[in-house]
Amino acid sequence: MKQDFMFTSESVTEGHPDKLCDRISDAIVDRFLQQDPYARVITECAVSTAIVFIAARFEPNTNVDFTNIARQVIEQVGYDQPAFNAKTCSILTSLKELPCDHLYHFDDQLTDADIEQIPVKNQVTVFGFACKQTPALMPLPIWLAHKLAKQLSTVNHKNILPYLAPDGKTQVGVEYRDRKPYRIHSITIVASQDTTQPDLAQLQDDIRQTVIDAVFADEDIRPDAATRIFINPEGLFITGGPYVHAGLTGRKNAIDTYGEYSKHSGAALSGKDPIRIDRIGAYMARYAAKNIVAANLADECEVQLSYSIGLARPVSIQVETFGTGKISDTELTTLLEQHFDFRLAAIVRNFKLRYLPALTPGGFYTKLAAYGHVGRMDIHLPWEATDKVNALV
Amino acid sequence: MIQAIHNVVPGRARYRVEKLYRCKELKEHLEFHLSQQLGIISTSANILTGNILVLFELNLSTDRVKELVAEIEQNYSPKIAVNHQKLNSNLQQKSDDWYALDIDTVLAELQTSDTGLTQVVAHKNLQKYGTNTLPETATRSELRILLEQFQSLPVGLLCIAAGLSVATGGLADAAVIMGVVGINAAIGYITESQSEKIIHSLKSRDRPLTSVLRDRQIVEINTAEIVPGDILVLKAGNYVAADARLIATENLSIDESALTGESLPVSKSTASLIAADISLGDRINMAYKGTLVLGGQGLGVVVATGKFTEIGKIQAMISQTPVQTTPLARQLDEVGSQLVMLASGVCTLVFAAGWLRGYGLLQMLKTSISLAVAAVPEGLPTIATTILALGIQDMRKHKVLVRSLNAVEALGAVQKICLDKTGTITKNQMSVVEIHTDTKLSLVDGDLNIIADACTLKLIQVAVLCNESVVTRDCHGEYVVTGSATENALVYMAIAAGIDVLALREQYPLVDTKPRAENRNYMRMLRRGSLDALSSVSTQHQHQQHFAVKGSPGEVLDLCHWRLNDGARVPLTAAERLAIALENDRMAGKALRVLGVAYGYESTELVWLGLIGMADPVRHGVKNLIGQFHQAGIDTVMITGDQTPTAYAIGKELQLSRNDQIQILDAQDLVNVDREALQALCDKVDIFARISPVNKLQIVQALQAVGKVVAMTGDGINDAPALKSANVGVAMGTGTDAAREVADIILEDNNLATMIVAVSQGRTIYNNIRKAVHFLLATNLSEIIVMAIATAGGFGQPLNALQLLWLNLVTDIFPALALALEPAEPDVLQTPPRSPDESIIKASDFQRILFESTILSGSTLAAYAYGVTRYGIGLRASTIAFMSLTLGQLLHALSCRTERSIIENIPANQYLNLALAGSMTLQFVVLAPGLRDLLKLAPLDGWDLIVIAGSALFPLVVNESTKQFHGTQL
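First to last, the sequence lines map onto chains A and B.
Heads up, the first sequence is in the UniProt record's numbering, so the first residue is 1 and it goes up one at a time.
Heads up, the second sequence is in the UniProt record's numbering, so the first residue is 1 and it goes up one at a time.
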């Protein structure tokens, strides 16, 4: 196993077209669940120039204003330029109703036998990961990339740099020694600007001060003299957003998870209601991995869950600790099987996935759409809880 | 005094009008005003006899028509009448750069004022400058139609043939030829003058009245009588009647596409323009004749009328207005001229072959000429036009008013129909059914019994205060509410809640109105006075003015910072906003139109009052109708201003989409959408939501750009450009004048179900034209083949010149016309529309026609061979051939009725039965002794008749059994 290496991860702001699509999709999921906790919906979204496409399949007992939600999201994200804005963009919705499946309208009073009777409806292999590189138990490169992206977005929203536009992306390269983060190798930030066309040198200066310096102020590892910092290396990025490049739901799976530091499933996370195991399975796997690391059973842990259509339990649970485990991977697997319920209905019930949108002001899934579905310290996520540590130890 | 002279024939009456004799003014008065009446098809007054002939629709009684004539005659006052005859020599109107002058100069130059001309001056000006009419394409006079019957190539040839006969001493021959020419001309004259009348009646409908200021009063006058100096009153939805310099405008916008080709409406103002040589489109202080007022209102002083207007100049330049021809007629013309080439080639061959075989030169010349006459299908375009015109008349019986020939053709090819939601799909009868205030939901039952708490009451008040409906009381003290259906519903709700609407509005006088606009989906009214009582905790001081706001819930909610809690103003929290949004979704999901209502003292910090949900019931039978359109292969598209969930709920209810997926495009601004993207999108979309009427034009154009034949319904003024642009613009009988004037068809009973009838008619007419053409081509071709083969093979002449003429010009005409009146095939609405690029006679049709005519001629030649073997070449054999071919052709008409087997159950065509019976009778009548000498026929015996019957029936059997009908071929 390699010990010394360099690894990069990237993140994008919520204004990036792919993320904008994720956010619209998740805002729709939120709205459905706010109206009816048992609502079923799958939404996909694409955006290009000034046209937003929404394709949704849902059970017919609820009706939401898809276009209005999309417009609200576009406005929240901050698109207000004539080229693309919430008011004048065109939205094509393609709606299809699903047959009602009452099996999935289960409530919280499920017996164990009931849970066993509710099979998953999708096949997927999902991964969860945790490591001791950061307090959030996330790999450092994606952690930093998210932090930079979020800060970039905050600077835009707070109008600290008035010329910034919502679209942007960040990348952080971290040098590892002995499988531990050693130094920051490189930082790249591409920020979009509105049509006022600021001076490039000024922009680079501003971003450095307001974004990079602010982000690393409370980090242990900071850029050193040799760290290569690129800010808009290809020059200004005027307007950015959907007007310049198209976006699609579920295209940023690595950014949603661990920044490619560990494996991740190919299935999109956003735009799916909690009955989709390819979404919530990923959360469950993270929950398991994080608890193992938090319980000091390993420094790094990757949990793999494989589900097959028609079965309630995963057909395979695998743990990989990359040689950092205090006990063997097989024993860890047994521990997981003992203490975690990986069945669909159990996950939905235990995480309260259907009620969170109504309980969380501003929506629950909407907030997941950017800056990662896992390893978040800024919002309370049930799968980030380390409440199984005692049981595991 | 009106006296009925003749009113036995339904739909046609002649009256004697005493004063009409030698009074040209009354004639024009009567004709003009009668043509404005619904149900009158055409009128023609005769000043020499003092009679007036009125053609009218059958639903009008003759008594009613008589009343109408009497009424109009009474209204006639000789003083106003103008001697139009003198006006032909009118003065050259001054042409000037009127846009560069200021208003006062213009008024002075024209010796008028902003209060209008006096009647006297107007009268003088009319004498001086002439009428405000454009040089029209003269309608063909009856005489001309008759003369034109003799001006065709076949008639010329026939005259040569007659001349030859005279030269060779065959006077009787010549007489028969000319007789045939006469019969043919008579048939042509009758059908053509009939269709000419129908086509003319299409035109006479758009001669509206125009409002002008005269003697300080607004009067409606005949558009033709507008003179320079008149003050035009421009209102939305009207065509501008003459070129005018604007002297007052209020949000005036005009569609000048008729003149400039620019489809975007132009905003007008009154300011003088300084620069010289400003292009027509930029002269924003002018209004031009023929353009359409889309919005706002204004006054303009007329600076040019008639042929001196810009559009008149353009017409003069082109020197003629295009004659109404249809693509169909053009196609047939092409086919016709190709066949002329073919026929003349064959005729030359027959002539050469006959001459070489040693037949007499003159005889061969006559036969070839006759063959040419028989073979040249010169009447194809005429037949098409006649059928289209007859179709128009037929559609009138079904309450479908067709306004152009092209529309009939396009109707049959419609692939997509865009339907307005309001008024077309729904009844446009809004009523409030739900009110949601503060978290409380009130269901409004049938009696509008509202248990009004303070907040609900305030909401109802604001809904009345932010409302453009005009409310008055009639003499019985009942409220009279006029305005849009939505706004009226709100007023009725308030009345039902026991609010004195008039007093309420008086209490808070209106200061300013900010209407809904393209990028603002709410209406705001600023009114004097405070809506909160002095004692109210929420107000520290009495406000002078308040805003009353209602509109799209989302947008209104965005303007709100507060809500009412037991009368007190408290901040609106995010959770409450979400609750309101959820409630909006829920109401919209029930297909309600939802409005948000708020009031306040600062325009962006309003107090949220609640949501009002209104229902507009879907018209009875629309769902069924949508299904019928789908079955006929026509895509349905709904256009609505509603928000997406409301639109979705209705779309779902109506099963608007042909698959289980409904595509909704929500766009307020289609202008900025990339053209290609819009085209790609529009083709897929089932519902256009939150669309303003202005965007309809873009939708039509995008759909047409991807090759669709589009029908569009519309009622409003804003719909006019889209209706005009659509292949078939459909207006309702109650629509605005603007919509009715530009529409291709008008559904007089306001019933969309009539549209499916129209489509069925359109398709049937197209199919019938094909059937008639098919029949004519097949029979003509069979004659050519018989003559060519017999002559070339040296078997004598099966048909002589006269027989050919008889066959072609007498016996074939009636079945062809009868085929044009075929009833609709039973599956006409079960097949997809034809492709617009498909030519009327496809290559496969030509093959089929060739096959059928080969069988026909083969059978005839066989009968002829029997005759030749039995009697030798001569009269008797040729009589057998003549009878075989004629009867074979007549029976072939049966086969041409449909592309499926005629044994199948297809509706009977009485006209065809009559035509066949008549033609066959004629055919046997000429066999009678005495008459048969004219056509040079010989008497026949029983065997001959059996052979003839066999050879006539044989092609029918063969052609029927070889039909290959596939459902899609129609």
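Glycine residues also receive a C-beta, built at the ideal position from the N, C-alpha and C atoms.
Margin query: Counting only C-beta atoms, is Ile902(B) closer than 9 Å to chain A at any point?
Written below: no
Notebook entry, point to check: When the Cβ atoms of the region 219-230 of chain B are set against those of the region 122-132 of chain B, are three or more pairs found closer than 8 Å?
Noted result: yes
Next item on the list: Report the option in Ala294(A), His380(A), Leu248(A) and Ile379(A) whose CA atom is closest to the CA atom of Pro135(A).
Entry: Ala294(A)
Notebook entry, point to check: Is the distance from the Cβ of Leu563(B) to the Cβ of Asp669(B) below 9 Å?
Noted result: In the sequence as displayed, the identity of residue 563(B) is Arg instead of Leu. Contact: no.
Checklist line | Gln655(B) at chain E interface by Cβ criterion, 9 Å | finding: Structure shown: chain E not included; protein chains present are A and B.
Margin query: In the DSSP output, which residue or residues are listed as bridge partners for Phe129(A)?
Written below: Glu302(A)
Next item on the list: Just tell me which of Leu107(B), Ile765(B), Val958(B) and Phe56(B) has its CA closest to the CA of Leu411(B).
Entry: Ile765(B)
Notebook entry, point to check: Excluding five sequence neighbours on each side, which residues of the same chain lie with their C-beta closer than 8 Å to the C-beta of Gly229(B)?
Noted result: Leu110, Gln111, Thr112, Leu117, Val121, Ala122, Asn125, Val301 and Val302
Next item on the list: Inspect the CB distances between the region 822-831 of chain B and the region 381-397 of chain B and report whether three or more fall short of 8 Å.
Entry: no
Margin query: Relative to the C-alpha of Ala598(B), which candidate in Leu572(B), Lys590(B) and Val180(B) has its C-alpha closest?
Written below: Leu572(B)
Item checked: N-terminal and C-terminal residue of the beta strand (DSSP E) that His29(B) is part of -> From DSSP, His29(B) is part of no beta strand (DSSP E) but of the alpha helix (DSSP H) over Lys24 to Ser35.
Notebook entry, point to check: Looking at the structure shown, is Ser878(B) part of a helix, part of a strand, or coil, going by DSSP?
Noted result: helix
Notebook entry, point to check: Is any beta-carbon of chain B found at less than 9 Å from that of Lys367(A)?
Noted result: no
Next item on the list: Name the one or two DSSP bridge partners that Cys526(B) has.
Entry: The sequence shown places Leu at residue 526(B), not Cys. Partner(s): Asp512(B) and Phe547(B).
Check: Given that a residue counts as buried once 16 or more other Cβ atoms are within 10 Å of its Cβ, and exposed if not, what is Ser89(B)?
Finding: For Ser89(B), the predicted structure reports a pLDDT of 42, less than 50, and the residue's modelled location is therefore unreliable. A value from the coordinates is still provided. Result: exposed.
Margin query: For chain B, check one thing: does any of its Cβ atoms lie closer than 9 Å to the Cβ of Cys45(A)?
Written below: no
Item checked: Sequence ranges, alpha helix (DSSP H) only - wholly within the region 601-663 of chain B, length at least 4 -> 622-631 and 644-654
Next item on the list: Evaluate Ala908(B) with the Cβ neighbour count: other Cβ atoms within 10 Å of its Cβ, from every protein chain shown; 16 or more gives buried, anything less gives exposed.
Entry: exposed
Note to self: Tell me the rounded alpha-carbon separation between Asn750(B) and Arg619(B).
What the structure shows: 11 Å
Next item on the list: Can you tell me which of Met377(A), Pro382(A), Ala268(A) and Asp178(A) puts its alpha carbon nearest to the alpha carbon of Met138(A)?
Entry: Met377(A)
Note to self: How far does the alpha helix (DSSP H) with Glu783(B) in it extend, from its first residue to its last?
What the structure shows: Ala753 to Gly793
Note to self: At the 9 Å Cβ level, is Gly610(B) part of the contact set with chain A, yes or no?
What the structure shows: no
Next item on the list: Confirm, please, whether the CB-CB distance from Lys169(A) to Glu14(A) is below 9 Å.
Entry: no
Check: Using a beta-carbon distance below 9 Å, is Pro60(A) in contact with chain B?
Finding: yes
Check: Of all the CB atoms in chain A, is at least one closer than 9 Å to the CB of Tyr648(B)?
Finding: yes
Margin query: Below 8 Å on the Cβ atoms is my contact criterion, and I expect Val550(B) with Met523(B) to pass it. Report the Cβ-Cβ distance as a whole number of Å.
Written below: Per the sequence shown, the amino acid found at residue 550(B) is Lys instead of Val. Lys550(B) to Met523(B), Cβ: 6 Å. Contact.
Next item on the list: Mind checking who Asn565(B) pairs with in its DSSP beta bridge?
Entry: Ala568(B)
Margin query: Using only the alpha-carbon positions, how far apart do Leu20(A) and Ile255(A) sit?
Written below: 14 Å
Note to self: For the region 278-308 of chain A, list every residue whose C-beta sits within 8 Å of some C-beta in chain B, in sequence order.
What the structure shows: none
Next item on the list: Rank Ala689(B), Leu299(B) and Ala877(B) by C-alpha distance to the C-alpha of Gln217(B) and give the top, closest one.
Entry: Leu299(B)
Note to self: Strictly under 9 Å for the Cβ-Cβ distance: is Ala27(A) near chain B by that measure?
What the structure shows: no
Check: Does DSSP put Ser536(B) in a helix, a strand or coil?
Finding: Bear in mind that the predicted position of Ser536(B) carries a pLDDT of just 46, short of 50, making it too unreliable to give a figure here.
Check: Cα separation between Val65(B) and Lys27(B)?
Finding: 16 Å
Next item on the list: Using beta-carbon positions only, say whether Thr93(A) and Ala46(A) come within less than 9 Å of one another.
Entry: no
Note to self: If we define contact as Cβ-Cβ less than 9 Å, is Gly247(A) a contact residue for chain B?
What the structure shows: no
Next item on the list: Over the uninterrupted alpha helix (DSSP H) stretch that includes Lys19(A), give me the two end residues.
Entry: Pro17 to Gln35
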